[in-house]
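Q: The structure's right below; bear with me while I get my questions together.
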Amino acid sequence: MSESLDSAAKLNLAYWMRLTRTLDDALVAMWKQGRGVGGTFSGKGHEAIAVGAGYALGPDDVVAPMHRDLGCYLVRGMSPERIMANQLGKEPGVTRGRDANLHGMGDLEFNIIGFVSHLPQSLPVALGAAMSFQYREEPRVALTFTGDGSSNTGLFHETLNLAAVQKAPFVLVVENNQYAYSTPLHEQMAIEDIAVRAQAHGVVGEIVDGNDVAAVHAVVSAAVARARDGGGPTLIEAKTMRMLGHAIHDGAEYVPAELLEKWQERDPVTLWEDTLLEEGVLSPERLERLHSECRDEVEAAIAEAEKAPLPDPATVATGVYAP
Amino acid sequence: MTATRQLTYLDAIAEALAIEMENDPDVIVLGTDVGGDFGGAFKVTKRVAAQFGPLRVKNMPMTELAFIGAANGMALMGMRPVVEVQFADFISTGFDSIVQYAATTHYRWGASVPWVIRAPSDGGIRSGPFHSQNPEAWFVHTPGLKVVAPATPEDAKGLLLAAIRDDNPVIYFEAKPLYRSLKGPVSDGSAAIPLGVARIARAGDDLSIITYGSTVHDSVQAADEVAGDGISVEVIDLRSLKPMDTDAILESVAKTGRALVVHAANRMAGVGAEVAAFIGEEAFGDLDAPVRRLGGLDIPIPFSPPLEDAYRVGPHSIVQAIREMVAW
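For the protein sequence lines, the chains are S and G, in the order given. Counting in my numbering, the first sequence runs without a single skipped number right up to 323 at its last residue. Counting in my numbering, the second sequence runs without a single skipped number right up to 651 at its last residue.
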């Protein structure tokens with residue numbers, strides 16, 4: 001699947017995924033050490049989806065990521081310092097202390113739309129962006145992510161139906177990570193593949209290995225190109241595994257250890273690095289350098305964010321309304 | 324700018340939509356049954372559907388949560404969608420998209436969500452529990468939203484123009500019993516009436532009625548009735564519920580010393596409770612009598628005429644409250 005990517009792109013994907021993992025690991029460690037604020041979420045296991053899909057978009061395309069998609073924010077250009085500052089509730093964070101962890105981290109300069117905890121809310125918002133591109137005859141696409149849990153909601157179906165009727169340039173990536181909080185798939189739905197839900201609405205449905213970044217990139221690129229050409233929306237089900245709990249406080253004891261072991265063998269970040277080593281795109285030395293660069297970048301981001309100021313409580317009521 | 328023409332409340336809304344769609348190509352209309360020759364359940368969008376066609380007056384499938392959510396996305400991209408929910412009662416089907424997403428966005432990450440939801444509200448026309456509601460209190464309770472409720476054709480036009488031009492989500496409760504029954508002078512031109520500014524619907528000295536929407540007319544009627552007995556009643560039409568013109572309330576109460584709050588919505592935890600509490604906190608020293616509230620009963624809105632009449636506030640109950648307060 002990696003044939004369509006040139007060496008530079010392959011290395012970029014390796015860099016973004018390793019940076020994502022390094023930052024994610026650092027977040028988990030900080031919160032376990034009591035250096036965090038409130039809760040946080042890990043996207044461990046989701047890196048290939050967040051990075052692969054984010055990398056498939058053009059700069060003018062719009063994306064609405066969720067709380068497992070740290071890599072997507074990074075690929076779109078948001079700095080690790082600003083993300084870390086947001087996690088710590090600091091003034092220089094994206095939401096200036098207004099919203100937690102990755103929630104609400106929208107910034108239209110990067111064409112990123114923020115999300116709310118009611119995750120399927122991002123679906124119609126991205127669809128509306130796509131409908132505005134249609135109306136203005138702009139060759140842009142809107143992509144959003146959601147989870148297996150969200151795919152059971154009415155809004156998921158309302159949005160797919162509306163997207164199909166409008167033939168909107170809209171791509172929906174469902175990150176099927178096997179669990180909605182503690183509820184496994186078989187207690188959520190009586191189907192094997194979430195992608196079949198596309199069929200009910202006249203939308204193209206695709207299934208992809210969510211731990212293979214080249215595969216994710218290829219299927220999202222094709223969906224984005226089709227959307228841009230007027231071919232309408234696509235639902236992509238990326239199958240993966242949530243490797244940690246729902247949030248930092250959750251030990252996920254309800255997940256069978258064998259299941260995690262099985263998925264650990266196909267860790268998306270090391271899987272891709274091994275592929276590039278085999279292909280000769282990466283040398284072991286270069287890979288080591290990549291790891292240490294990512295560590296340095298994340299450490300610098302944490303240092304900056306930790307010394308950044310907290311918001312001034314006198315500003316608590318500012319910004320509720322646009323002036 | 325002179326108000327020489329008489330328009331119905333409905334035609335004033337339709338005119339405002341047409342003016343702003345001409346002024347601004349980013350204004351589009353979304354809703355169920357709004358487009359084509361049909362032009363909406365109440366025909367409010369018939370004029371713009373004919374004038375601007377299906378690309379700008381877009382029929383939606385019955386997916387309120389999704390199409391209000393889509394309005395959020397359009398608004399984030401700089402468009403100004405005007406959504407019609409067919410009846411204000413149905414706005415609950417779009418609740419998350421309004422109160423969780425639209426209302427919180429500017430505070431959380433600084434992006435504007437400039438849409439308007441037009442919600443045909445209010446009853447008295449024998450439409451039963453699900454076509455008669457006044458759900459404005461849910462939204463006045465939600466930080467980040469603006470809420471308006473015009474009572475006259477002039478305000479229906481001017482407030483809709485202001486709502487569409489505002490950079491925030493605005494819920495515009497139009498009083499559907501007034502659509503064709505109320506005709507009044509409407510200014511030419513495209514001037515907006517600012518949000519958050521009340522209007523003195525009728526000047527008076529002995530008692531202030533603070534109200535909005537269709538009960539403005541009931542209140543003026545009641546005030547006219549008691550005027551024969553030498554009771555001079557001032558009627559303040561709030562026009563905007565959020566932001567609310569609290570200065571206008573204080574000024575009137577300082578003058579009259581009596582405050583009666585009236586709305587068509589049920590009384591329990593309604594907008595009137597906030598107004599009454601505000602007067603109690605800020606103007607207690609001005610009061611010659613306790614603040615009173617009139618609103619619907621705390622029950623689902625019944626269908627059959629004698630039941631609905633027993634549920635609703637009307638000129639008769641307002642007259643009775645005025646007399647009791649003046650005699651206090």
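Heads up, the beta-carbon is just placed ideally off N, CA and C, and yes, glycines get one too. Bear in mind the structure is a predicted one, so any value in this text is a computation, not a measurement.
Taking Cβ to Cβ, would you say G:A571 is nearer than 7 Å to G:A521?
A: Counting from one through the second sequence, the residue named residue 571 of chain G turns up at place 248. Counting from one through the second sequence, the residue named residue 521 of chain G turns up at place 198. Taking 7 Å as the Cβ cut-off, G:A571 and G:A521 qualify as a contacting pair.
Q: Counting only C-beta atoms, is S:M30 closer than 7 Å to chain G at any point?
A: Mapped onto the first sequence, residue 30 of chain S falls at position 30. S:M30 does not count as touching chain G.
Q: List the DSSP bridge partners of G:L330.
A: By 1-based counting over the second sequence, the position of residue 330 of chain G is 7. The partner list for G:L330 (beta bridge, DSSP) reads G:G507.
Q: If you draw a straight line from the alpha carbon of G:L564 to that of G:G595, how long is it in whole angstroms?
A: One-based indexing of the second sequence puts residue 564 of chain G at position 241. One-based indexing of the second sequence puts residue 595 of chain G at position 272. Cα to Cα, the separation comes out at about 10 Å.
Q: Closer than 6 Å by C-beta to G:N491: which residues in its own chain qualify, once you throw out the five before and the five after it? Chain order, please.
A: Position 168 of the second sequence, counting from 1, holds the residue named residue 491 of chain G. For G:N491, where only same-chain residues beyond five positions count, the Cβ hits under 6 Å are K469.
Q: Closest Cβ-Cβ distance between G:Y634 and chain S: below 7 Å?
A: Locating residue 634 of chain G in the second sequence gives position 311, counting from the first residue. Closer than 7 Å: no.
Q: Could you tell me how far apart the beta carbons of S:A53 and S:V173 are, in whole angstroms, since I believe they sit closer than 8 Å?
A: Position 53 of the first sequence, counting from 1, holds the residue named residue 53 of chain S. Position 173 of the first sequence, counting from 1, holds the residue named residue 173 of chain S. The pair is a contact, with the Cβ atoms about 5 Å apart (cut-off 8 Å).
Q: With DSSP collapsed to three states, give me the class of G:D541.
A: Residue numbering aside, residue 541 of chain G sits at position 218 when the second sequence is read from its first letter. For G:D541, the secondary structure class from DSSP, reduced to helix, strand or coil, is helix.
Q: Would you list, in chain order, the members of the region 67-100 of chain S that have their beta-carbon closer than 7 Å to a beta-carbon of chain G?
A: V94, T95, R98, D99
Q: If you draw a straight line from the alpha carbon of G:L482 to that of G:H540, how long is it in whole angstroms?
A: The residue you call residue 482 of chain G lines up with position 159 of the second sequence. The residue you call residue 540 of chain G lines up with position 217 of the second sequence. If you take the alpha carbons of G:L482 and G:H540, they lie about 18 Å apart.
Q: For chain S, is any of its Cβ atoms less than 7 Å away from the one on G:P661?
A: Outside the displayed range of chain G (324 to 651) lies residue 661 of chain G, so it cannot be described from this structure.
Q: How would you write the range of the alpha helix (DSSP H) that S:A223 sits in, first residue to last?
A: Locating residue 223 of chain S in the first sequence gives position 223, where the first residue counts as 1. Where S:A223 is concerned, the enclosing alpha helix (DSSP H) stretches over 213-228.
Q: Please confirm whether G:A393 has its beta-carbon closer than 7 Å to some beta-carbon of chain S.
A: As a first step, residue 393 of chain G is located in the second sequence; it is residue number 70 there, counting from the start. For G:A393, the nearest CB of chain S lies under 7 Å from its own CB, placing it at the interface with that chain.
Q: For S:G71, count the other beta carbons within 10 Å of its own beta carbon; 16 or more makes it buried, fewer makes it exposed. Which is it?
A: As a working note, residue 71 of chain S is residue 71 in the first sequence. Buried, because 16 or more other Cβ atoms sit within 10 Å of the Cβ of S:G71.
Q: Does the Cβ-Cβ distance between G:S531 and G:S575 come in under 7 Å?
A: Here the question's residue 531 of chain G lines up with position 208 in the second sequence. Here the question's residue 575 of chain G lines up with position 252 in the second sequence. Yes. Within cutoff.
Q: If you measure from the beta carbon of S:T144 to each beta carbon in chain G, is any gap under 7 Å?
A: What you label residue 144 of chain S is simply residue 144 of the first sequence in a count that begins at 1. Closer than 7 Å: no.
Q: Nearest to S:L23 by alpha carbon, out of S:R68, S:E285, S:G319?
A: By 1-based counting over the first sequence, the position of residue 23 of chain S is 23. Ranking the options by Cα distance to S:L23, first place goes to S:R68.
Q: If you count every other CB in all the chains shown that lies within 10 Å of the CB of S:V316, and 16 or more means buried, which is it?
A: Sequence index remark: in the first sequence, residue 316 of chain S carries index 316 (1-based). Per the 10 Å Cβ criterion, exposed.
Q: Give the residues of chain G in contact with S:N161, contact being defined as C-beta atoms less than 8 Å apart.
A: To locate residue 161 of chain S, count along the first sequence from 1; it is residue 161. Those within 8 Å of S:N161 in chain G are P384, T386, A389.
Q: Under DSSP, the alpha helix (DSSP H) around S:N161 begins and ends at which residues?
A: Here the question's residue 161 of chain S lines up with position 161 in the first sequence. Unbroken alpha helix (DSSP H) run through S:N161: 154-166.
Q: Got a sec? Which residues, its chain only, sit under 7 Å from G:Q456 by beta carbon, not counting five neighbours each side?
A: Here residue 456 of chain G refers to the residue found at position 133 of the second sequence. Cβ within range, chain order: A411, D412, S444, I624.
Q: Alpha carbon to alpha carbon, how far is G:D478 from G:A588?
A: Here residue 478 of chain G refers to the residue found at position 155 of the second sequence. Here residue 588 of chain G refers to the residue found at position 265 of the second sequence. CA-to-CA, the gap between G:D478 and G:A588 works out to about 20 Å.
Q: Need the endpoints of the alpha helix (DSSP H) that G:L484 sits in, please.
A: If you number the second sequence from 1, residue 484 of chain G lands on position 161. Counting along the chain, the alpha helix (DSSP H) containing G:L484 begins and ends at 476-488.
Q: Could you name the residues of chain S that G:R525 contacts, counting a contact when the two beta carbons are closer than 9 Å?
A: For the purposes of this step, residue 525 of chain G is taken as the residue at position 202 of the second sequence. In chain order: nothing, as chain S lies at least about 31 Å away.
Q: Taking three-plus beta-carbon pairs below 8 Å as touching, is the region 385-397 of chain G in contact with the region 416-424 of chain G?
A: yes
Q: Cβ of G:H464 less than 7 Å from any chain S Cβ?
A: Indexing the second sequence from 1 puts residue 464 of chain G at position 141. With 7 Å as the cut-off, G:H464 does not count as an interface residue toward chain S.
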